[in-house]
Amino acid sequence: MATTTAAQRREQARSEYDAFLRSCPTNQLLDRLSDKWVSLVVSALAPGAQRYSDLARRIAGVSPKMLTQTLRSLERDGILTRTVTPSVPVRVDYELTPLGSNLALLLTAVKDWAETHFDDVQAARRRYDADGADGADV
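Laid out in structure tokens, this is it:
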């Protein structure tokens, strides 16, 4: 049996990731990244650093609790950084990391797609509902 280095073992594990498997860590990462609040926070931070209050105003409908949880999870995942500046009151800024900026390209594209094609989707929904489709053949 050949011995493998730690780097070789990591590379082998990486090549075996399969997001279609529930137990795969990439499946869990996709679950987090597909959250609408994650998408909106990352897209909102794409132009540059913002304060918590700026994000809260920009992202309509997000509760303070959900915004805080989303920011913490993105910080933990290395998607953004949180910088505290001592002042009165304390200033806290959030900014995308290089990893987060790379992700922002994708999530902003999805947001833009939704904004561009919403009328098409609405028309498709109306046609579907008018045809009486009930999904019985699924």
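Following the UniProt record's numbering, the numbering of the sequence shown begins with 1 at its first residue and continues without gaps.
C-beta atoms are modelled at their ideal positions from N, C-alpha and C, and glycine is treated no differently.
- In its chain, beyond the 5 residues on either side, W37, V41, Y52, L55, A56, I59 have a beta carbon closer than 8 Å to the beta carbon of L67.
- When DSSP states are grouped into helix, strand and coil, Y52 belongs to the helix group.
- Per DSSP, the continuous beta strand (DSSP E) segment holding E95 begins and ends at 91-96.
- When the five nearest sequence neighbours on each side are left out, no beta carbon in the same chain lies closer than 6 Å to the beta carbon of S34.
- Here L74 is near G100, since their CB atoms are less than 9 Å apart.
- Secondary structure of V84 (DSSP, three-state): strand.
- Take L21, set aside five residues on each side of it, and the residues of its chain with a beta-carbon closer than 7 Å to its own are N27, in chain order.
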